[in-house]
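The opening residue of the sequence shown carries number 486 in this note's numbering; numbering runs sequentially from there. Ideal Cβ positions, reconstructed from N, Cα and C, are used throughout, including at glycine. Note that the structure is a prediction, hence the values are computed from the model and not measured. Presented below is the structure to which this report refers.
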Amino acid sequence: MKRLNVYMLAISMITTGLSGMSLADDDDGRYMRPWGVNARPGVAPVDNPLYLNECGSCHMAYQPGLLPTHSWERLMAGLEDHFGENAELPREERDAILGYLLNNAAGRNNYRVSNKLVRGLRGTPLRISELPYFVHEHREIPARLVRGNPKVGSFSNCDACHTGANRGSYNEHQVNIPGYGRYDD
Ligand code: HEC
Ligand code: HEC
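Right, dumping it as structure tokens:
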């Protein structure tokens, strides 16, 4: 009897697998879909005016979903020496922004680019441009189009090349490198 149950469970798993989304309709809570199956494209757009104002004045306001929680904590703990700049904030604002970043960090919502950026991550990088997925995706772009390109300057300027960056869209078909154009690999 026990054996039969296991057998039937296997069959039912295969058939629900085949009917795809039916797993999602189970509301008895017994099944969990694997994380990532229904991920939304890109990263969640910024929707916090305070963050947009305070962290979008020197560079684009990076979406919280571009870094994991521990990176945002480390970054927000060192604003007085922020990549050579002083980006200190009054304590209340800093705490409010940190809360927003932590609630929406990569790993806390289900967006495809966020999920990829934190996969296989070690340590606590301060830069998005140091994350393994980022490095992998940009490894073939020659330096003359980035550092050597006055209209780009560094990989930190996502919105110089990604025309949808401010909406949280990093689709490779929406890339336009200044002075070069669309990038075909
Ligand atoms: C006074 C200007 C200034 C302000 C304000 C500022 N930043 Fe920056 N930020 C910089 C500079 C300069 C860099 C380094 C850019 C480069 O290397 O080209 C940087 C880089 C970053 C990076 C790394 C980007 C990468 O290369 O992946 C993150 C993340 C970041 N800032 C987040 C923030 C957050 C969050 C705030 C708000 C609390 C903020 N910044 C406010 C100047 C600023
Ligand atoms: C010099 C131009 C340039 C800059 C600056 C740049 N990118 Fe890209 N990015 C590209 C190109 C080109 C590709 C596509 C590479 C390919 O198809 O081989 C790409 C690919 C990507 C991808 C992979 C596409 C996907 O759908 O997963 C992501 C994510 C991404 N970039 C995010 C960023 C972020 C975040 C920043 C800023 C921290 C940034 N990029 C800065 C040029 C740039």
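Item, Value
"Measuring alpha carbon to alpha carbon, tell me which of Ala562, Asn538, Ala650 and Arg559 ends up nearest glutamine 548.", "Ala650"
"So, helix, strand or coil for glycine 666, using DSSP?", "strand"
"How many whole angstroms separate the CB atoms of lysine 636 and alanine 645, which I take to be in contact at a CB cut-off of 8 Å?", "6 Å"
"Below 7 Å, is the gap between the Cβ of cysteine 540 and the nearest heavy atom of ligand 2?", "no"
"Let me check you understand the geometry: is the CB of tyrosine 585 closer than 7 Å to at least one non-hydrogen atom of ligand 2?", "no"
"Alpha carbon to alpha carbon, how far is leucine 508 from valine 522?", "Confidence is the limiting factor: at leucine 508 the pLDDT is only 49, short of 50, which leaves the residue's position unreliable, though a coordinate-based value still follows. Going by the C-alpha atoms only, they are around 11 Å apart."
"Examine ligand 2 and report whether any of its heavy atoms sits within less than 7 Å of the Cβ of phenylalanine 568.", "no"
"If we ignore side chains and look at the alpha-carbon of each, how far apart do arginine 580 and glutamate 565 end up?", "The sequence as given places aspartate at residue 580; arginine does not occur at that position. Distance between the alpha carbons of aspartate 580 and glutamate 565: 15 Å."
"Quick one: residues in its chain with C-beta nearer than 7 Å to the C-beta of glycine 563, no 5 flanking neighbours on either side, listed in chain order?", "none"
"Can you find the residues in the same chain that come closer than 7 Å, C-beta to C-beta, to asparagine 588, ignoring five residues on each side of it along the sequence?", "none"
"Return yes when the C-beta of serine 641 is under 7 Å from any heavy atom of ligand 2, and no when it is not.", "yes"
"Quick check: what's the CA-CA separation for glutamate 558 versus valine 620?", "22 Å"
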